[in-house]
Structure formats: C-alpha cells, structure tokens
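Trainee: Going left to right, the sequence shown walks through residues -19 to -1, 1 to 544 as mature numbering (1 follows the signal peptide of the UniProt record, and there is no 0) numbers them. The structure follows.
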Amino acid sequence: MLRASVIAMALVALVAGCAQIPRTSAVKEVGSISEQDSGLGQVDFLPSAPQNGATQEEILKGFIQAAVSPQSDYGVAREFLATGFRSKWNPDASVTVDTGSEREYSAEGTDKQLLTLTPEAFVDAGGSYRTAESSTDIQQQYSFVKQGGQWRISKAPNGVIIDSSRFPNVFEAHSLYFFSPDFNYLVPDQRWFPNAPASLQTRIVKELVAGPAKWLAGAYVTAFPQGSQLTSDSVTVTGGQADVDLNSTAGAVDASTVARMQLQLSQSLASVAGITDVRISIEGVPRQVSNDAASQVIQDPSVDTNALVERAGKFGLLSGSNVTEIPGISSMVEALKPRAVTLSADHRTAVVSGDGGNWLVDASADQPRHIDARPGVIAPTLDPAGYGWSATSSDPRDLVVLGPSGTVETLTAGWADARSLLAISMSRDGTRLAALVHTDEGTDIMVAGVVRSSSGKPTSISSPIDLGQVPGGTALSLTWLDELTVAALASTSHGDTSVDVQTIGGGSDVQPGPSKGASIGPVGAAPYYWVLTSDGSLQWPRGAGWQQRIDNVQLIGQQQGKP
C-alpha cells in the first residue's frame, strides 16, 4: 500500500526527468504449468496447438483454452483460426469470466457451433472489471471452414473466455492513477491486463492517457490534455527505465502539468516488474520535469491505529483502556447522544447522527449545525472539503449535502433498483461515494463518482457501478479500508455475521465475523477493520477467530484520515 510519504520519495527524482518508482512487494516468480490453478500468482500457461483431424467442437474447445495464454499476441490461439480471420480477431476487446464447468457446446447446421456459458464477471476493452449482474446464460456463435482438410474457425466474437480459477493467474490487476479535481489527491482506477510482459507497460500507458473509466469521468481528472497519444505503438524499457514518448499535443502544457503527467505515469507503472524509472519525452525530446506542482499530492490517506469510539460516555481515540478526547469536537459530539460519527482527517470536523437527526460539528464553532432533520436518517458521511452528506433509508436517491459555509444542496444518486438505503460512506479522497443499497434481490454494494467544481463543491453524482450483492442475511454497516477497498458487515441467516471485503474494480473476499456484530470501522493497521458487537465488545480478527480489544463501547466511528 503506497502512502503519502512514498509519493514524496518518488517525486525527488522528478527534477532530473525520471521518477524513481517505489515497490510495494517483491516481484512474483513465474510458476510452472502444474501450478496453474494453485493460487501461487501469475504463471505461463502453455496451450496445445490444433490437432489434425480434430472436430469442430474440439477445435472450439482448444481455441478457448489457448486464448487463456496472451503470449506472442495470443499466437497459439490464432492457429485455431482460418488464415483470413487470424488478424481480424481482437482478443483485447473483452474478457468473459465464467466457472468453466458449465459450458455447453452444440452444433448448428454443418459449419457452426454454439457455446452456452454462465458469466461471473466481465472485463471491457479498457481493462475495467465488473461483476455480472445476472446469472442468466449467454450464448456465442462460431463459424467454421475447412483449410487444408482441417477445421478452422472463420468467425468468432472478439475477446476471450476464461474460468474464474485461472483468471487471477493469467490477468494482473494494475491501478491507473489520476487526480481529484483539486489535484490534492492521487486516486486509483483498477484495471486488469493480460500477463504479457512484452506489452504490459504499453497497455497501461495507453489506457492511462485515454483517461479514467466512464463512471469516474468528472470525479477524476487527468493531467494529460485531450488528444495526447503515444508517438509509437510501444513503451520501451531499457535498464529498468520506461521511455514514454508522447505527441506534441501532450507537450503543449506548462511545466507543472508535465510534472503531474509524469507522476501519473510513475505511479501507474509502479506495479510492473522490471521498471524502476520513467522518462517522459515529447516527439523524441526528453522533458525536464519539476516537482514543485506535485510535491504535496496525497495518496491513500491512512487512519489512526487507535479506534475512534464512544466508551463510557466519552468520545475520542481509544488508547489502552482510556479514551483521548478530541479538542473542540468530543464535547459537542457527546452532547448529541451519538449513534454514528465520522471524523475528518484533521480532526477539526465531524458529522454525527444523534438526537434530532444528522449534524455537522466544527471545532471552530460554538454549536453544531443541522444537516438533515428528516425522519429515518442513516449515518452521515464527510468529505475532505468539509461537506457533510446525509440520506434517509426510505428516500435512497436524494442526498442532502451541507457545505462549510452553511449552504445546503440536494444531489440525486442513481442507485439502480433501490428500494431503500442502508449506509453511505465517502472515500477518504472525496472522489467516490459507496453505499449499501437494498433492492428486490438483496443488498448490493454500489459506488458512484462524486463530481465537483474546481473549488471542491459537489455538483453531481455519477452513474454508480454495482460491486455485487452482500452475502448473508442483512447488511448492517459499511466502511472504507483503503483507496480501493470497502468492507461490509452483514448478519447471516443463522444469527452469525460475515465481513465482505470488496475491491473496487476487482473481486471480494468474505470472512466470518464475530457473533452479535453490529457495526464496522477502520483501523490504520492490518487487518484494517474493527467490529463492534451489539453488547459493546470491540473486536478484531486474530488467526481463525475474533479477539476482544475492550468492552463497554457504545459506538465505533469512521475516520477519514489522520493529522
């Protein structure tokens, strides 16, 4: 996990025109083919070429298996295609992830095969991952022709099909980095690309220059001007240095913008093995880069390692068995008889759900300010610009936003098929709003981009993405763990609880929760979350179970960072 201090280290090298890229983990070793499904990391899958005399179905099965390997531009997979179709098939157009065990093949006439499968997820041409919204089967048709007496595929859908057990071994997750609209935060957009070392850095740079995913447009901004492109079809790496040569459009900007472009490049390429430096040039001419404009950029703000709690009537940070109250904040929070609290990164502002609705507490003010007095308000959330956000369970689309100056706005959220809203939680960089949305099918985790003006004022909420249904019975609570991860606490049908840790732009990991779990909150060290039970026990996971940290806790608060 890259923190703000790591960003500062990377920026030291920008003055010389090359950004030293920090590493967050060791390079993963390539496993053998027998380790393909063992979860040991990225491996090379060695597919078989087409066999003489193979039937149409055998050719189709062989093609799908071979398309799991991106090596040599899917060279083996293309051997299953008719000569005139090989160069037309585009494997990068999409990825369909399925179980692999429920594929059905059927003949249609004498020269066609129909494949039926149940999708679990999709990856689009830009590498953006989304969970399948339905378990309904999809069908794909393939046409065949004989060449040299052997069946070959003459027409096929673009893209590849891969089973979910192989997907994380063949595709790698890489975060593309953009900026918040005020350029204060570096923010991630996770993508998935084939494990093809020769072309991976080129794919990352192309997608970075193309801009953020559609649902993040407006919430994220890029330093690359519109029309920026690579001057060639590859990013070369020599001696660990990635040379990124851009067209003149990209160069028609001031020095601070070039510095931001290079920061985006260096952090987006940080996860590529073998790259330690990035040099940016315009039409072959290296650019000298200053770090002045980017030196204060924050990435992935951390929170305190102490829980934010109310215990025995005192609100603050838990230290041992004592609660350290927060100057200017704690007394006002305590007076509101809080049910939920979110505290700002500088510990000068908080939003509170308490007597009379939802409130905004400011350490520089004498009294709290009302955000929302509607009946049925849920726990409010807070963004780094000082705006308090509130909603009611029965009116999931209308969000009331109170600004630092006291102005109140209502913004509309397009939660799909929403029947009610259970929780909202703002990312620590203020660019995304996560929610627990109850639909006819269950409760889903959804995330939307927050579009802001240059001054930081929220102006709209983008169309959300659905990260999937929270497993278990009833969703209870939601929190952000880091820049890409949220966690939802849910009660199961048997009275137990579960914790669903969901990566935005990736999959999820569901773990058993503690008995009587009621709410979840963040912590600045692994495992990055606490759970508070309904009888006041603050617990965290230890080994295969849960361990009590302390008892007599009335609430666990949300933290948006630390001073």
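Backbone N, C-alpha and C fix where the C-beta goes; we use that ideal spot for every residue, glycine too.
Which residue from 296, 295, 300 and 277 puts its Cα closest to that of residue 286?
Mentor: Position 305 of the sequence shown, counted from the start, is the residue given in the question as residue 286. The candidate whose alpha carbon is nearest that of residue 286 is 300.
Trainee: Take residue 541 as the anchor and find which of 378, 385, 454 and 369 has the nearest alpha-carbon.
Mentor: Reading the sequence shown from its first residue, position 560 is the one you call residue 541. Cα-wise, what sits closest to residue 541 is 369.
Trainee: Mind reading off the beta-carbon distance from residue 536 to residue 290? Whole number of angstroms is fine, and I expect it under 8 Å.
Mentor: As a first step, residue 536 must be located in the sequence shown, where it is residue number 555. As a first step, residue 290 must be located in the sequence shown, where it is residue number 309. About 7 Å separates the two Cβ atoms, so the contact holds.
Trainee: DSSP on residue 63, reduced to helix/strand/coil?
Mentor: The residue given as residue 63 occupies position 82 in the sequence shown. Residue state, collapsed to three classes: coil.
Trainee: Smallest Cα separation from residue 401: which of 377, 65, 529 and 390?
Mentor: Translated into positions along the sequence shown, residue 401 becomes position 420. Comparing Cα-Cα distances from residue 401 to each of 377, 65, 529 and 390, the minimum goes to 377.
Trainee: Does DSSP classify residue 189 as helix, strand or coil?
Mentor: Residue numbering aside, residue 189 sits at position 208 when the sequence shown is read from its first letter. Residue 189: helix per DSSP, three-state reduction.
Trainee: Taking the straight line between their C-alpha atoms, what separation do you get for residue 445 and residue 425?
Mentor: Position 464 of the sequence shown holds residue 445. Position 444 of the sequence shown holds residue 425. One C-alpha to the other measures close to 11 Å.
Trainee: Would you call the stretch 435 to 453 and the stretch 356 to 371 touching, i.e. three or more CB-CB distances under 8 Å?
Mentor: Output reads yes: the stretch 356 to 371 touches the stretch 435 to 453.
Trainee: Using CA coordinates, which residue listed in 532, 26, 280 and 187 is at the minimum distance from residue 288?
Mentor: Position 307 of the sequence shown, counted from the first residue, corresponds to residue 288. Per the Cα distances, 532.
Trainee: Helix, strand or coil: how does DSSP classify residue 440 here?
Mentor: As a first step, residue 440 is located in the sequence shown; it is residue number 459 there, counting from the start. If DSSP states are grouped into helix, strand and coil, residue 440 belongs with the strands.
Trainee: Quick one: what's got a C-beta closer than 7 Å to residue 250's C-beta in the same chain, skipping five residues either side?
Mentor: Against the sequence shown, residue 250 aligns to sequence position 269. Once the five neighbours on either side are set aside, the close Cβ partners of residue 250 are 2, 182, 185, 223, 256 and 259.
Trainee: Ends of the alpha helix (DSSP H) at residue 114?
Mentor: Here the question's residue 114 lines up with position 133 in the sequence shown. Premise fails: residue 114 is in no alpha helix (DSSP H) and is neither H nor E.
Trainee: What three-state label does DSSP hand residue 2 in the structure shown?
Mentor: Here residue 2 refers to the residue found at position 21 of the sequence shown. Reliability fails at residue 2, whose pLDDT of 38 lies under 50, so the model's placement of it is uncertain and the value that follows must be treated cautiously. Three-state DSSP puts residue 2 in coil, outside helix and strand.
Trainee: Tell me, to the nearest whole angstrom, how far the beta carbon of residue 498 is from that of residue 512; I am working on the premise that it is less than 8 Å.
Mentor: In the sequence shown, counting from the first residue as 1, residue 498 sits at position 517. In the sequence shown, counting from the first residue as 1, residue 512 sits at position 531. Indeed, because the Cβ distance is near 5 Å, the residues count as touching under 8 Å.
Trainee: Express the C-alpha separation of residue 265 and residue 57 in angstroms, rounding to a whole number.
Mentor: Counting from one through the sequence shown, the residue named residue 57 turns up at place 76. Counting from one through the sequence shown, the residue named residue 265 turns up at place 284. Rounded to whole angstroms, residue 57 to residue 265 spans 35 Å at the Cα level.
Trainee: Between which two residues does the beta strand (DSSP E) harbouring residue 446 extend?
Mentor: Position 465 of the sequence shown holds residue 446. Counting along the chain, the beta strand (DSSP E) containing residue 446 begins and ends at 446 to 450.
Trainee: Quick one: grab the DSSP three-state call for residue 88.
Mentor: For the purposes of this step, residue 88 is taken as residue 107 along the sequence shown, with counting starting at 1. Three-state result, residue 88: strand.
Trainee: Would residue 321 pass as a contact of residue 337 if the rule is Cβ separation under 8 Å?
Mentor: Here residue 321 refers to the residue found at position 340 when the sequence shown is read from its first residue. Here residue 337 refers to the residue found at position 356 when the sequence shown is read from its first residue. Their beta carbons are not under 8 Å apart, which means residue 321 does not touch residue 337 by this criterion.
Trainee: Just curious, the alpha helix (DSSP H) that residue 45 is in, first and last residue?
Mentor: Within the sequence shown, residue 45 is the residue found at index 64, counting from 1. Here the alpha helix (DSSP H) through residue 45 covers 37 to 47.
Trainee: Expressed to the nearest angstrom, what Euclidean distance is found between the alpha-carbon atoms of residue 146 and residue 117?
Mentor: Within the sequence shown, residue 146 is the residue found at index 165, counting from 1. Within the sequence shown, residue 117 is the residue found at index 136, counting from 1. Using only the alpha carbons, I get a separation of about 20 Å.
Trainee: What did DSSP end up calling residue 241 once you bin it into helix, strand or coil?
Mentor: Stepping through the sequence shown from its first residue, residue 241 is reached at position 260. DSSP places residue 241 in helix when its eight states are reduced to three.
Trainee: Mind checking whether residue 245 and residue 189 have CB atoms under 8 Å apart?
Mentor: Residue numbering aside, residue 245 sits at position 264 when the sequence shown is read from its first letter. Residue numbering aside, residue 189 sits at position 208 when the sequence shown is read from its first letter. A contact, by the Cβ cut-off of 8 Å.
Trainee: Specify whether the stretch 43 to 55 and the stretch 172 to 180 touch according to this definition: at least 3 beta carbon pairs, one from each stretch, less than 8 Å apart.
Mentor: Contact holds: three or more Cβ-Cβ distances are below 8 Å.
Trainee: Less than 8 Å separating the beta-carbons of residue 247 and residue 465?
Mentor: The count along the sequence shown starts at 1 and reaches residue 247 at position 266. The count along the sequence shown starts at 1 and reaches residue 465 at position 484. Cβ atoms of residue 247 and residue 465: not closer than 8 Å.
Trainee: With residue 352 and residue 383 assumed to form a contact (beta carbons below 8 Å), what rounded beta-carbon distance in angstroms separates them?
Mentor: Taking the sequence shown and counting its residues from 1, one reaches residue 352 at position 371. Taking the sequence shown and counting its residues from 1, one reaches residue 383 at position 402. Indeed they touch by this definition, with Cβ atoms about 4 Å apart.
Trainee: Nearest-angstrom Cα distance between residue 381 and residue 206?
Mentor: Mapped onto the sequence shown, residue 381 falls at position 400. Mapped onto the sequence shown, residue 206 falls at position 225. Those two C-alpha atoms are separated by around 34 Å.
Trainee: Closer than 8 Å is the cut-off here; do at least three beta carbon pairs connect the stretch 428 to 435 with the stretch 406 to 417?
Mentor: Segments in contact, yes.
Trainee: Let me know if residue 27 comes out buried or exposed under the rule of 16 or more other beta-carbons within 10 Å of its beta-carbon.
Mentor: In the sequence shown, the residue the question calls residue 27 occupies position 46. It is exposed - the Cβ of residue 27 has fewer than 16 other Cβ atoms within 10 Å.
Trainee: Is it buried or exposed, residue 149, if we count other Cβ atoms within 10 angstroms and call 16 or more buried?
Mentor: Numbered from its first residue, the sequence shown carries residue 149 at position 168. Looking at its Cβ environment, which holds 16 or more other Cβ atoms inside 10 Å, residue 149 is buried.
Trainee: Count the other CB atoms, across all protein chains shown, that sit within 10 Å of the CB of residue 475; report buried if there are 16 or more and exposed otherwise.
Mentor: Walking along the sequence shown from the start, residue 475 turns up at place 494. So residue 475 ends up on the exposed side.
Trainee: So the beta strand (DSSP E) residue 339 belongs to, where does it begin and stop?
Mentor: Numbered from 1 along the sequence shown, position 358 holds the residue referred to as residue 339. First-last of the beta strand (DSSP E) with residue 339: 338 to 343.
Trainee: Would you identify the three-state DSSP class for residue 56, choosing helix, strand or coil?
Mentor: Counting from 1 along the sequence shown, the entry for residue 56 is found at position 75. Helix at residue 56.
Trainee: Which residues in the same chain as residue 84 place their Cβ atom closer than 6 Å to its Cβ, once the five residues preceding and following it in sequence are excluded?
Mentor: The residue labelled residue 84 in the question sits at position 103 within the sequence shown. Answer for residue 84: 98, listed in chain order.
Trainee: Do you know whose CA, among 123, 33 and 392, lies nearest residue 90's CA?
Mentor: On the sequence shown, position 109 is the one that residue 90 refers to. The option with the nearest alpha carbon to residue 90 is 123.
Trainee: So, is residue 412 buried or exposed, given that buried needs 16 or more other C-beta atoms within 10 angstroms?
Mentor: One-based indexing of the sequence shown puts residue 412 at position 431. That one is buried.
Trainee: Measuring only the C-alpha atoms, how far is residue 33 from residue 73?
Mentor: What you label residue 33 is simply residue 52 of the sequence shown in a count that begins at 1. What you label residue 73 is simply residue 92 of the sequence shown in a count that begins at 1. Distance between the alpha carbons of residue 33 and residue 73 is about 28 Å.
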